[in-house]
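All the letters of the sequence shown, read from the start, carry residue numbers 405 to 868 under our numbering.
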Amino acid sequence: MLKLPLRKRSSYEIDMVNGPLLGKIFRFALPLALSGILQLLFNAADIVVVGQFAGSTALAAVGATGAITNLIVTLFMGISVGANVLIAQYYGAGNRRDLNETVHTAITASLVFGVALVGVGIALSRPMLTMMDTPEKVIEQATLYMRIYFVGMPVLMLYNFGAAVLRAVGDTQRPLYFLLIAGVINVILNLFFVIVCHLGVAGVAIATVASQAVSAVLVTLCLMKSDGPYRLELKRLRIKKDKLWKMAKIGLPAGIQGASFSISNVLIQSSINSFGDLAVAGNTAGANIESFVSAAMDSFSQAALSFTGQNLGAGKLKRISRIMLLCLLLGSGMGLLMGVGGYFAAPHLLGIYSSDPEVIRFGVQRMSTVCVFQLLGGMMGVMVGVLRGMGASFVPMAITISFVCGFRVIWIFTVFSAFPTLTVLYASYPITWGLAAVCDFICYLLVKRHIVKKRSKALEESAV
405 MLKLPLRKRS
415 SYEIDMVNGP
425 LLGKIFRFAL
435 PLALSGILQL
445 LFNAADIVVV
455 GQFAGSTALA
465 AVGATGAITN
475 LIVTLFMGIS
485 VGANVLIAQY
495 YGAGNRRDLN
505 ETVHTAITAS
515 LVFGVALVGV
525 GIALSRPMLT
535 MMDTPEKVIE
545 QATLYMRIYF
555 VGMPVLMLYN
565 FGAAVLRAVG
575 DTQRPLYFLL
585 IAGVINVILN
595 LFFVIVCHLG
605 VAGVAIATVA
615 SQAVSAVLVT
625 LCLMKSDGPY
635 RLELKRLRIK
645 KDKLWKMAKI
655 GLPAGIQGAS
665 FSISNVLIQS
675 SINSFGDLAV
685 AGNTAGANIE
695 SFVSAAMDSF
705 SQAALSFTGQ
715 NLGAGKLKRI
725 SRIMLLCLLL
735 GSGMGLLMGV
745 GGYFAAPHLL
755 GIYSSDPEVI
765 RFGVQRMSTV
775 CVFQLLGGMM
785 GVMVGVLRGM
795 GASFVPMAIT
805 ISFVCGFRVI
815 WIFTVFSAFP
825 TLTVLYASYP
835 ITWGLAAVCD
845 FICYLLVKRH
855 IVKKRSKALE
865 ESAV
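In structure tokens form, the structure reads like this:
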């Protein structure tokens with residue numbers, strides 16, 4: 405194995421395997437939380453501009469596409485999680501050759517997947533919206549938005565895979581800078597295309613794709629100019645089958661897990677659609693506000709994944725329990741603070757998206773049931789991150805499919821069918837988060853014990 409040579413770490417990188425953890429987790433998570441929030445602002449800018457300048461029908465059109473686009477994209481995006489884990493483990497172990505091959509395989513795969521998604525998204529947009537019983541007055545604009553959005557899949561995938569490489573080595577600052585630049589461009593283009601050019605949902609879709617292209621170019625240039633072992637060289641872009649397979653073993657379960665979330669959300673969105681376009685618009689605004697809370701909590705899930713991966717690679721298993729505990733406390737604390745605060749500020753926040761009192765009322769109804777319990781989702785996310793960092797990606801996938809997807813489907817066809825109100829429908833979120841978090845923790849104890857036994861046995865054999 406070719407070890408990483410001694411070199412001065414970039415000021416952007418974090419030493420995850422030595423020294424105190426608390427400050428380093430904060431240093432890693434804070435830029436990542438801001439990055440997640442900025443990425444959400446792409447969609448929020450779409451929703452706010454459309455809601456204020458193109459009407460509630462256009463707002464509902466953009467909102468109706470979210471569950472479907474997530475369903476299609478998440479499966480492929482899961483491979484970037486596999487790349488993150490693999491690169492973190494190789495980096496922690498000091499394995500230069502395998503790390504570099506993984507980087508080039510990941511970037512090449514991102515472009516291949518992105519091109520494939522263009523065709524898939526354009527072909528399936530209208531049929532899937534129809535299957536979800538999207539209101540007739542909304543479906544044409546929703547289809548147009550989705551098709552333009554999917555044209556930008558290659559650059560979206562490229563940015564996310566490139567950012568995964570940087571996160572794996574502890575660099576969460578530069579992706580934040582790239583998204584800040586792209587976010588400003590997105591807002592400016594949104595206002596120009598909608599207010600000046602009167603393009604409606606097509607305008608916000610074009611603005612989103614253009615801004616994502618900017619962030620993709622910036623992260624690619626960053627990797628190409630790096631002097632670290634993760635330096636990207638265009639002439640070496642190719643797929644190494646063994647690296648892709650290892651990424652897929654970790655990433656596909658992560659993608660399937662994310663897709664199962666989206667499947668349950670598609671079913672929930674279909675149920676919400678039955679309450680009319682104002683309920684769809686209110687749910688869209690409420691869910692968008694809650695996504696900012698989720699993004700802040702997810703930064704600690706990502707910290708748990710990267711820190712666990714590097715320490716596992718370095719053979720420092722005792723640090724993993726402390727990583728998990730700190731990320732749980734920080735992530736759930738963030739969820740409690742922002743979730744409760746978001747609920748109390750709900751009428752004012754929802755007013756940013758729409759001035760229609762009925763839309764605001766529906767949004768508050770969602771947030772009163774979902775937003776205040778976001779900390780449960782954060783706890784689940786941290787446990788999933790730790791398990792993935794340990795290489796056990798299949799375990800959280802099975803738990804998520806069982807509870808978050810399966811339980812929600814059962815809930816819709818039993819409890820919600822008997823008591824068909826939005827509050828009952830929304831209650832499925834916190835219940836499934838809590839159940840999954842408990843099961844993930846139990847599985848963490850079992851997986852760690854297995855790894856410790858495996859390492860001990862390997863040491864005994866090497867000693868003989």
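For each residue, glycine too, the CB sits at the ideal point set by N, CA and C. All values derive from a computational prediction rather than experimental measurement.
**Prompt:** Would a C-beta distance cut-off of 7 Å place Ile764 and Val452 closer than the cut-off?
**Reply:** No, they are not a contact pair.
**Asked** Is the Cβ-Cβ distance between Gly745 and Met701 less than 7 Å?
**Response** The beta carbons of Gly745 and Met701 sit no closer together than 7 Å.
**Prompt:** Can the beta-carbon of Leu709 be found closer than 7 Å to that of Gly793?
**Reply:** Yes, they are a contact pair.
**Request:** Closer than 6 Å by C-beta to Val507: which residues in its own chain qualify, once you throw out the five before and the five after it? Chain order, please.
**Result:** Closer than 6 Å at Cβ, skipping near neighbours: Val569 and Tyr634.
**Prompt:** Which residues in the same chain as Ala487 place their Cβ atom closer than 6 Å to its Cβ, once the five residues preceding and following it in sequence are excluded?
**Reply:** Result list for Ala487: Ala510, Ala568 and Met651, in chain order.
**Prompt:** Considering only C-alpha positions, which residue in the set Ala749, Ile814, Ile660 and Leu734 is nearest to Ile476?
**Reply:** Of the candidates Ala749, Ile814, Ile660 and Leu734, the residue whose Cα lies closest to the Cα of Ile476 is Ile660.
**Message:** For a cutoff of 7 Å on Cβ pairs, would you count Glu762 as touching chain B?
**Reply:** Checking the listed chains, one finds no chain B in this structure; it contains a single protein chain.
**Prompt:** Under the three-state reduction of DSSP, which class applies to Pro409: helix, strand or coil?
**Reply:** Any reading at Pro409 must be qualified, since the residue scores a pLDDT of 49, below 50, and its modelled position is unreliable; the value itself is stated next. Secondary structure of Pro409 (DSSP, three-state): coil.
**Prompt:** Between which two residues does the alpha helix (DSSP H) containing Lys720 stretch?
**Reply:** Counting along the chain, Lys720 falls outside any alpha helix (DSSP H), and DSSP gives it neither H nor E.
**Coil, strand or helix - Lys858 by DSSP** = Under the three-state reduction of DSSP, Lys858 is assigned to helix.
**Message:** Is Gly459 a contact residue of the ligand HEM, with contact defined as CB to any heavy atom under 6 Å?
**Reply:** Inclusion of the ligand HEM in the displayed structure is not the case, the ligand content being empty and no account of it being possible.
**Item:** Nearest-angstrom Cα separation, counted from Tyr553 out to Leu583
**Value:** Leu583 and Tyr553 have their C-alpha atoms roughly 18 Å apart.
**Prompt:** Looking at Phe480 and Phe517, is the spacing between their C-beta atoms short of 7 Å?
**Reply:** Note that the C-beta distance between Phe517 and Phe480 is below 7 Å.
**Any beta strand (DSSP E) of 3 or more consecutive residues that is wholly inside the segment 660-690** = You should have found no qualifying run.
**Prompt:** Which first and last residues belong to the alpha helix (DSSP H) in which His508 is found?
**Reply:** Annotation: the continuous alpha helix (DSSP H) that includes His508 extends over Arg500 to Met535.
**Prompt:** How many whole angstroms separate the CB atoms of Ser705 and Val786, which I take to be in contact at a CB cut-off of 8 Å?
**Reply:** Contact between Ser705 and Val786 holds: their C-beta atoms lie close to 5 Å from each other, under 8 Å.
**Request:** List the endpoints of the continuous alpha helix (DSSP H) containing Tyr416.
**Result:** Per DSSP, Tyr416 belongs to no alpha helix (DSSP H) and is neither H nor E.
**Asked** In this structure, does DSSP put Ser797 in helix, strand or coil?
**Response** The three-state reading of DSSP puts Ser797 in coil, since its state is none of H, G, I, E or B.
**Asked** With DSSP run on the structure shown, which of helix, strand or coil describes Glu637?
**Response** In the structure shown, Glu637 sits in coil (DSSP, three-state: anything other than H, G, I, E or B).
**Asked** Any contact of the segment 525-533 with the segment 541-551, i.e. 3+ C-beta pairs under 8 Å?
**Response** As far as the Cβ criterion goes, the segment 525-533 touches the segment 541-551, which means the pair count is three or higher.
**Message:** For Lys556, report the span of its alpha helix (DSSP H) as first-last.
**Reply:** A small fix is needed here, since residue 556 is Gly in this sequence, not Lys. That residue, Gly556, is in no alpha helix (DSSP H); it is neither H nor E in DSSP.
**Message:** In the DSSP assignment, the alpha helix (DSSP H) including Phe582 goes from what residue to what residue?
**Reply:** First-last of the alpha helix (DSSP H) with Phe582: Gln577 to Leu595.
**Prompt:** Should Gly423 be labelled buried (16 or more other beta-carbon atoms within 10 Å of its own) or exposed?
**Reply:** With fewer than 16 other Cβ atoms within 10 Å, it is exposed.
**Asked** Span of the alpha helix (DSSP H) holding Phe820?
**Response** Where Phe820 is concerned, the enclosing alpha helix (DSSP H) stretches over Val819 to Ala822.
**Request:** Assign Cys847 to buried or exposed, taking buried as 16 or more other Cβ atoms, counted over all protein chains shown, within 10 Å of its Cβ.
**Result:** So Cys847 ends up on the buried side.
**Message:** Using only the alpha-carbon positions, how far apart do Ile855 and Tyr494 sit?
**Reply:** One alpha carbon belongs to Ile855, the other to Tyr494, and they sit about 17 Å apart.
**Message:** Mapping the DSSP letters down to three states, classify Leu425 as helix, strand or coil.
**Reply:** DSSP places Leu425 in coil when its eight states are reduced to three.
**Message:** For the structure I just gave you, are there three or more beta carbon pairs, one from the segment 771-787 and one from the segment 629-647, closer than 8 Å?
**Reply:** Because the criterion of three Cβ pairs below 8 Å is not met, the segment 771-787 and the segment 629-647 do not touch.
**Request:** Measure the Cβ-Cβ separation of Phe665 and Val828 and say whether it is below 7 Å.
**Result:** Not closer than 7 Å, so no.
**Asked** Would you report the Cα separation of Asp419 and Ile667, rounded to the nearest angstrom?
**Response** Each residue's Cα considered, the two are about 38 Å apart.
**Request:** Leaving aside the five residues before and after Leu503 along the sequence, list all residues of the same chain whose C-beta is less than 7 Å from its C-beta, in chain order.
**Result:** Around Leu503, the same chain offers Ile491, Tyr494, Tyr495, Pro633 and Tyr634 as residues with beta carbons nearer than 7 Å, after the five sequence neighbours per side are excluded.
**Request:** Alpha carbon to alpha carbon, how far is Val819 from Thr576? Give it in angstroms, no decimals.
**Result:** Going from the Cα of Thr576 to the Cα of Val819 covers about 42 Å.
**Unbroken alpha helix (DSSP H) run spanning Arg765, endpoints** = Per DSSP, the unbroken alpha helix (DSSP H) holding Arg765 starts and ends at Pro761 to Thr773.
**Request:** Take Leu625 as the anchor and find which of Ser797, Lys644, Ile483 and Tyr563 has the nearest alpha-carbon.
**Result:** With respect to the C-alpha of Leu625, the residue from Ser797, Lys644, Ile483 and Tyr563 having the closest C-alpha is Tyr563.
**Message:** Are the CB atoms of Ile429 and Ala707 within a distance shorter than 7 Å?
**Reply:** Yes, the pair counts as a contact, with Cβ atoms nearer than the cut-off.
**Message:** If you reduce the DSSP assignment to three classes, tell me which class Val542 lands in.
**Reply:** Helix, per DSSP.
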